[in-house]
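Reviewing the structure listed below.
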Amino acid sequence: MQRLFKTVKGSITVLVTLILVPTIFFTGFMVDLARIKLYGNQAVMTADNYGETVLTQYDNLLKELYGLFAVTQDDKALNNLDKLQGYVSSSFDPAQNNISWEHFEEVQDYLGMNTLDGFMPYQDADITLEKEFIPESHLSNHAVLDTQIGDFMKFRIAQGLLDDGTELIDNISQIQNKENDGKALDKKLELDNEVEELLKIAQKYYLELKDIKAYPDYIDGINDAYMLCDAGFEEIINSDAYMHYRDYVLADENEINAALEKRSHNEEDEENAVELTEEETALLQIYDNYINDTEARKDKLSDQMDAYILLIEDAKKTVPINVTNYPDKIRDLKEYGDQMNAKKETIQTLEAELKGILNSQDITDSLKKGIEEQLKKVDELFSQLELYPQIASYIDENDTAQNRSYDSETDDIIECEKKQKESLLEGKDYEEELASPLDVNKWKKFEDVVEYATLYNSLEKTFEGEGDDSSAKSKKKEAEELTEKQQNELKENETTTARDIPEEFGYGNRGVGGTFKIKDLISSAADLFKINSFKNVANKLLLKVYTVEYDFGMFSSRTTNVKETEAKAQSLTGYEMNRRLNYLYQAELEYLLGGSNSSSDNLNVARNKILAVRSICNYTSTYSIPEINSAIVSISASAYVINPILGLTVENALRCTVATAETVADWKYLTEGKKVILTKNKIQDMNALSVFEGLLGLDVQTVEQDKGMDYDQYLKIMLIFLTTSDQLTQRTGNLIELNVNAAQIKLQEDDTLTELNFKLDNAYTAVNASCSVKLGFVVMPDQFAKQVIDGGTYQSLTEFEKNGYKFTVTRGY
7 MQRLFKTVKG SITVLVTLIL VPTIFFTGFM VDLARIKLYG NQAVMTADNY GETVLTQYDN
67 LLKELYGLFA VTQDDKALNN LDKLQGYVSS SFDPAQNNIS WEHFEEVQDY LGMNTLDGFM
127 PYQDADITLE KEFIPESHLS NHAVLDTQIG DFMKFRIAQG LLDDGTELID NISQIQNKEN
187 DGKALDKKLE LDNEVEELLK IAQKYYLELK DIKAYPDYID GINDAYMLCD AGFEEIINSD
247 AYMHYRDYVL ADENEINAAL EKRSHNEEDE ENAVELTEEE TALLQIYDNY INDTEARKDK
307 LSDQMDAYIL LIEDAKKTVP INVTNYPDKI RDLKEYGDQM NAKKETIQTL EAELKGILNS
367 QDITDSLKKG IEEQLKKVDE LFSQLELYPQ IASYIDENDT AQNRSYDSET DDIIECEKKQ
427 KESLLEGKDY EEELASPLDV NKWKKFEDVV EYATLYNSLE KTFEGEGDDS SAKSKKKEAE
487 ELTEKQQNEL KENETTTARD IPEEFGYGNR GVGGTFKIKD LISSAADLFK INSFKNVANK
547 LLLKVYTVEY DFGMFSSRTT NVKETEAKAQ SLTGYEMNRR LNYLYQAELE YLLGGSNSSS
607 DNLNVARNKI LAVRSICNYT STYSIPEINS AIVSISASAY VINPILGLTV ENALRCTVAT
667 AETVADWKYL TEGKKVILTK NKIQDMNALS VFEGLLGLDV QTVEQDKGMD YDQYLKIMLI
727 FLTTSDQLTQ RTGNLIELNV NAAQIKLQED DTLTELNFKL DNAYTAVNAS CSVKLGFVVM
787 PDQFAKQVID GGTYQSLTEF EKNGYKFTVT RGY
């Protein structure tokens, strides 16, 4: 037994040893795993620190001028980031801190920071730091730029809106309602243009009808010429010259010659003179009468007769109407009648569309009522338009054949007179019966039909200036001339000292300018409003308002610093606006609206878009202001009585003139830094009263008011409603890019940019910072592991040890 106990001595040691082998292996392995996990956390912190370090190298000029953050594009600063990799990675082994900034060296020495010691568990780690800018994080990405602008403005937007006052906010709401007014006026002006064209066709129709109406007078003229011709022939027949001529022609030439010889002999030899017979004496008298009467010659008598015949021939060819041009006249008359009928169908279609707009849209009440009253006059016009082709058909059916008959009969008269002439020149009496005069009663007069005569009288008064309507027509002419004069004041393109954008920069477009024409502006206004497709998306609109407020705080317009008495304008970041820091100085905000490379074009676009809205408002005012509406209705009333077409065109001309004059005056006010009321409902609100008060017969005293919005506020509304968010953000970025480049090279007032060193495409706002680490096992000896585990497991373990781990964090402004 004792021996048995002696044989198990030391077994505990063996057991413990056996247990320790796996324990040490797994304990060491787990400790190393924990160590790796711990340095993984350290790697994440290192990557985070490196990302933050990269972001510290922001573009200071961009931040100072525009409050935006992006990693600098300066090569020297970017090289410093590479140098800082070693400094950041020293967090794994602070003792290796061999990077010191020159200006910190003395402080580091003083604080003992250049040498560190202690437990350094990761000093053997293999560390690699990398950075990669996120491709879509540059400021040329609209979402990124909008976000940074939103962050910059979120605490400033309230103050900006307060500075504009509640009136601007109210006017933004009113502008949305003007879209419906614009649609109605656009359609109304389209109808007005058709009515104006109708008036021109009606005038052509009237001129042809007027000529045809004179056809009976034309026939009377031929008959008168025929009578004169007969009377002339009778006078010639009874004249001494013709009698002398006829006697001579009818006498026997041989007998006359014999009598002449006998008389000649007697004169030569009076002693042997032979007495003349009575017959010889008579023949000599005929001869002497013929010879002594120089008018008694065939050619002269023929010319006299031809002159009388020519009276008939000329009468046949007289203008404006004759048998020859009558077919052209009736053809043109029928064509104009058909054109009038076609215009009727067009106007009916436009009227139906306009009524649809008035019934379905939220239209200003006074505008709606005024247009509806005019449409009643249009309805009166339709019944009259049916008569135009009817009259043409009536004349064609009843008188065209008669015209051919008159043509033939007139030729017969002329031929008869020519035969009479030939007979008379032969000394004979014309024995045939003369042709009968033309029977004018065979012509069917269209004016014998009462309604046709009524229409003709209406057209005559419309185009001949007769009757009580002359005043209204003179007003129409005066209004059209005044409209043309007012439009010419803004006909020229805007002039500016602002620079243009070099085309090679690829920013804007070209040739987007335009001249001022009231009807075109109103017609285009409705289309302009359609751009604002996001108006019901509140969050998108808010971002746009942020951008607009930001733009007005950072950029200049045509009215910036124009008043020498006011302090120089400063940006939201406190920098004075001038030609050195603002590349398109005094045309930047206009570029946001126009988008052209040409500053002059952008000023034109801004002007015309503001005036498009003003045109709608001012045209609406011709209905909403009682004094003006009453004056226009009163003047055009007399024209309506004469002809609905005339009445409509007179009223339209007067309203157009008032709207044009008021819009031109508004523009002058705005460019002078004055305010203009958006919606004018009182005559005291009008700015051009002195221009058109004589035209309308008004006598009102007004006082200049300081109410409404100034140029920048109108421009602000235009940017909100007449640009897309993408357009606004893109153009804002372009201005920032231009101005930062100008500031970088310290551009002088008369200099221009030739290249862009700073680009938003390279202005990154976010970075992926990565830390790659690799750390071998320390606690578990390699040889120990090799002895205690099989070959396959060992191989897996060494592969695990060789693995590197990469930790990436994303950091941005």
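The sequence shown: position 779 = 785 (our numbering), numbered continuously.
Cβ coordinates follow ideal geometry from the N, Cα and C atoms, glycine included.
Checklist entry - Quick one, which of Ile742, Glu202, Asp294 and Val455 has its alpha-carbon nearest Gly653's? => result Glu202
Checklist entry - Whole-angstrom Cβ separation of Ala667 and Leu465, contact assumed at under 8 Å? => result Actually they are not in contact, since the Cβ atoms of Ala667 and Leu465 sit about 31 Å apart, beyond 8 Å.
Checklist entry - Which one of Ile616, His144 and Leu316 has the shortest CA to CA distance from Cys422? => result Leu316
Item to check | Distance between Ile133 and Leu759 (C-alpha atoms, nearest Å) | outcome: 45 Å
Next on the checklist: Less than 8 Å between the beta carbons of Ala618 and Lys479, yes or no?
Outcome noted: no
Item to check | DSSP-derived helix/strand/coil call for Thr19 | outcome: helix
Next on the checklist: Alpha carbons only, please: which of Glu453, Asn693, Thr370 and Thr663 is nearest the one belonging to Thr626?
Outcome noted: Thr370
Checklist entry - Opposite Glu138 in the DSSP bridges: which residues? => result Asn774
Checklist entry - So, is Val611 buried or exposed, given that buried needs 16 or more other C-beta atoms within 10 angstroms? => result buried
Checklist entry - Which ranges does the alpha helix (DSSP H) cover as unbroken runs of at least 4 residues, wholly within the region 655-713, from first to last along the chain? => result 695-702
Checklist entry - According to DSSP, is Val77 helix, strand or coil? => result Residue state, collapsed to three classes: strand.
Checklist entry - Rounded C-beta distance between Val773 and Lys137? I'm assuming under 8 Å. => result 5 Å
Item to check | Other residues of its chain near Val456: CB distance less than 6 Å, five sequence neighbours each side excluded | outcome: none
Item to check | Contact belief for Phe452 with Tyr400 at Cβ below 8 Å, rounded distance in angstroms | outcome: 5 Å
Item to check | Distance between Ile689 and Asn584 (C-alpha atoms, nearest Å) | outcome: C-alpha separation (whole angstroms): 40 Å.
Checklist entry - Between which two residues does the alpha helix (DSSP H) harbouring Arg613 extend? => result In this chain, the alpha helix (DSSP H) harbouring Arg613 covers Ser605 to Ser630.
Next on the checklist: Less than 8 Å between the beta carbons of Ala398 and Leu461, yes or no?
Outcome noted: No, the pair does not count as a contact, with Cβ atoms beyond the cut-off.
Next on the checklist: Considering only DSSP beta bridges, list what Arg817 is partnered with.
Outcome noted: Val773.
Item to check | For Asn272, three-class secondary structure by DSSP | outcome: helix
Checklist entry - Buried or exposed: which applies to Pro333, given that a residue is buried once 16 or more other Cβ atoms fall within 10 Å of its Cβ? => result exposed
Checklist entry - Between the region 594-607 and the region 500-516, are three or more C-beta pairs nearer than 8 Å? => result Touching, per the Cβ criterion.
Item to check | Glu743 and Leu766 closer than 8 Å at C-beta | outcome: yes
Item to check | Contacts around Met311, its chain only, beta-carbon distance under 6 Å, and the 5 residues preceding and following it disregarded | outcome: Lys427
Checklist entry - Relative to the C-alpha of Gln896, which residue among Arg252, Asp54, Val670 and Ala504 is closest? => result Any answer about residue 896 is impossible in this case: the structure gives the chain only from 7 up to 819.
Next on the checklist: For Ser366 and Leu387, what's the separation of their Cα atoms in angstroms?
Outcome noted: 25 Å
Checklist entry - I think Ile553 touches Thr735, with their Cβ atoms under 8 Å apart; what is that distance to the nearest whole Å? => result The amino acid at residue 553 is misidentified as Ile; the sequence shows Thr. About 6 Å; that satisfies the 8 Å criterion.
Item to check | Reference Asn409; option with closest CA among Glu267, Phe239, Pro222 and Thr29 | outcome: Pro222
Checklist entry - If we call anything under 8 Å between Cβ atoms a contact, is Ala302 one with Ala265? => result no
Next on the checklist: For a quick check, are the C-beta atoms of Val815 and Val77 less than 8 Å apart?
Outcome noted: no
Next on the checklist: At the level of alpha carbons, what is the spacing between Thr62 and Gly156?
Outcome noted: Near 21 Å, if we compare the C-alpha coordinates of Gly156 and Thr62.
Next on the checklist: For a test of the three-state rule: what should DSSP assign to Met715, helix, strand or coil?
Outcome noted: Strand.
Item to check | Nearest residue (CA-CA) to Ile163, options Glu555, Asp506 and Thr502 | outcome: Glu555
Checklist entry - Any contact of the region 657-665 with the region 622-641, i.e. 3+ C-beta pairs under 8 Å? => result yes
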